[in-house]
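In the UniProt record's numbering, the protein residues as written are 1 to 225.
Note that the Cβ used here is the ideal one computed from N, Cα and C, for glycine as well.
Below: one structure, written as structure tokens.
Rendered as structure tokens:
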């Protein structure tokens with residue numbers, strides 16, 4: 001697993017892989033295309049996914065061998081099988097994944113250079129704000145992982161500080177907010193003692209108990225909007 005924020009390797013001297021997978025934001029797309037070209041020139045198939053590849057698939061497919069639109073978990077096994085049989089398709093469209101089916105990420109394979117660890121506890125947002133791509137990419141159904149799996153993963157993260165990458169950590173209704181409270185209670189009970197930041201909507205400030213539980217569980221700041 002290579003993250004150019006931590007290290008830029010000499011791709012031309014790397015051993016020949018069977019497949020290369022790339023993800024990138026739009027701001028990183030041109031660099032992603034250059035990396036893809038290095039491997040394609042050596043005959044290695046390249047698959048690209050993520051927000052840019054999903055929203056700009058017609059552009060992206062000109063630069064890679066296959067594009068994954070949307071969430072990739074549901075199609076990744078098929079991609080690997082197709083690569084083995086040399087029958088890779090140009091476009092794979094992932095379905096919205098049930099969060100309890102997502103395996104624990106291999107944090108041990110990541111670089112030791114990160115200041116923040118990261119974790120995802122929910123996907124989707126019902127608000128569908130006109131300036132935001134989340135509802136298009138992850139859907140308007142608010143999905144969340146089992147709390148016990150979140151705690152299990154938090155214990156695997158070696159960094160002291162954590163970014164919860166959910167686009168809307170607390171949701172919008174009483175059921176969603178109660179889930180967030182239960183998550184914070186579980187973090188407190190587990191005695192993990194890590195500091196974290198996350199992304200929420202302005203209704204975060206409407207519930208004093210939610211604020212207190214978040215702070216006690218290690219919250220040091222939130223992004224709003």
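**Prompt:** For residue 98, which of helix, strand or coil comes out of DSSP?
**Reply:** Taking the first residue of the chain shown as 1, we reach residue 98 at position 98. If DSSP states are grouped into helix, strand and coil, residue 98 belongs with coil.
**Nearest residue (CA-CA) to residue 126, options 103, 173, 60, 57** = For the purposes of this step, residue 126 is taken as the residue at position 126 of the chain shown. Out of 103, 173, 60, 57, 173 has the C-alpha closest to the C-alpha of residue 126.
**Message:** Buried or exposed for residue 87, going by 16 or more other Cβ atoms inside 10 Å?
**Reply:** Start at 1 with the first residue of the chain shown, and residue 87 comes out as number 87. Exposed is the call here.
**Item:** Cβ neighbour criterion (16 or more within 10 Å) applied to residue 268
**Value:** With the chain represented from 1 up to 225, any question about residue 268 goes unanswered, as that position is not in the structure.
**Item:** Neighbour-count burial assignment, residue 152, 16 or more Cβ in a 10 Å radius
**Value:** Here residue 152 refers to the residue found at position 152 of the chain shown. That one is exposed.
**Asked** Per DSSP, what kind of secondary structure is residue 142 in: helix, strand or coil?
**Response** Position 142 of the chain shown holds residue 142. Reduced to three states, the DSSP call for residue 142 is coil.
**Residue range of the unbroken alpha helix (DSSP H) whose run includes residue 55** = Residue 55 sits at position 55 when you count from the first residue of the chain shown. Per DSSP, residue 55 belongs to the alpha helix (DSSP H) from 51-55.
**Request:** Give me the Cβ distance between residue 180 and residue 169, rounded to the nearest whole Å; I'm assuming they're in contact under 8 Å.
**Result:** Residue numbering aside, residue 180 sits at position 180 when the chain shown is read from its first letter. Residue numbering aside, residue 169 sits at position 169 when the chain shown is read from its first letter. Confirmed, about 6 Å.
**Prompt:** Taking C-alpha atoms, which residue in 194, 223, 66, 188 lies nearest to residue 212?
**Reply:** As a first step, residue 212 is located in the chain shown; it is residue number 212 there, counting from the start. Residue 188 is the option with its Cα nearest to residue 212.
**Prompt:** What residue does the beta strand (DSSP E) around residue 66 start on, and which one ends it?
**Reply:** Position 66 of the chain shown, counting from 1, holds the residue named residue 66. From DSSP, the beta strand (DSSP E) with residue 66 extends over 66-69.
**Message:** If you follow the alpha helix (DSSP H) that residue 89 is in, where does it begin and where does it stop?
**Reply:** On the chain shown, residue 89 is found 89 positions in, with the first residue counted as 1. Looking at the DSSP string, residue 89 is not in any alpha helix (DSSP H), and its letter there is neither H nor E.
**Request:** Pull up the CB-CB distance for residue 62 and residue 94, whole angstroms please, since I reckon it's below 8 Å.
**Result:** On the chain shown, residue 62 is found 62 positions in, with the first residue counted as 1. On the chain shown, residue 94 is found 94 positions in, with the first residue counted as 1. That pair is no contact at about 21 Å.
**Message:** Let me check one thing: in DSSP terms, what residues is residue 123 bridge-paired to?
**Reply:** In the chain shown, the residue the question calls residue 123 occupies position 123. DSSP lists 143 as partners of residue 123.
**Request:** Determine, using beta carbons only, whether residue 117 and residue 142 come nearer to each other than 8 Å.
**Result:** Taking the first residue of the chain shown as 1, we reach residue 117 at position 117. Taking the first residue of the chain shown as 1, we reach residue 142 at position 142. Their beta carbons are not under 8 Å apart, which means residue 117 does not touch residue 142 by this criterion.
**Asked** Would you call the CB atoms of residue 205 and residue 147 closer than 8 Å?
**Response** By 1-based counting over the chain shown, the position of residue 205 is 205. By 1-based counting over the chain shown, the position of residue 147 is 147. Taking 8 Å as the Cβ cut-off, residue 205 and residue 147 do not qualify as a contacting pair.
**Message:** Let me confirm a value: residue 201 is counted as buried when at least 16 other C-beta atoms fall within 10 Å, else exposed. Which label applies?
**Reply:** Walking along the chain shown from the start, residue 201 turns up at place 201. When all chains shown are included, residue 201 counts as buried.
**Message:** I'd like the list of long-range same chain contacts for residue 9, defined as Cβ closer than 7 Å, with 5 residues on each side in sequence excluded.
**Reply:** Position 9 of the chain shown, counted from the start, is the residue given in the question as residue 9. The answer, listed in chain order, is 2.
**Message:** Buried or exposed, going by whether 16 or more other CB atoms sit within 10 Å of the CB of residue 16?
**Reply:** The sequence position of residue 16 within the chain shown is 16, counting from 1. Exposed.
**Of the residues 198, 150, 199, the one placed nearest residue 192, counting alpha carbons only** = Taking the first residue of the chain shown as position 1, residue 192 is located at position 192. Comparing Cα-Cα distances from residue 192 to each of 198, 150, 199, the minimum goes to 150.
**Cβ neighbour criterion (16 or more within 10 Å) applied to residue 219** = Numbered from its first residue, the chain shown carries residue 219 at position 219. Buried, since its Cβ has 16 or more Cβ neighbours within 10 Å.
**Asked** Is there at least one Cβ from chain D nearer than 8 Å to residue 40's Cβ?
**Response** Looking at the structure shown, chain D is missing, and only one protein chain is on hand.
**Item:** Test item: CB-CB of residue 20 and residue 44 under 8 Å
**Value:** Residue numbering aside, residue 20 sits at position 20 when the chain shown is read from its first letter. Residue numbering aside, residue 44 sits at position 44 when the chain shown is read from its first letter. Contact: yes.
**Asked** What is the DSSP secondary structure of residue 216, counted as helix, strand or coil?
**Response** In the chain shown, counting from the first residue as 1, residue 216 sits at position 216. Three-state DSSP puts residue 216 in a helix.
**Prompt:** Nearest to residue 115 by alpha carbon, out of 197, 145, 224?
**Reply:** For the purposes of this step, residue 115 is identified with residue 115 of the chain shown, where counting begins at 1. If we check each option's Cα against that of residue 115, 197 comes out closest.
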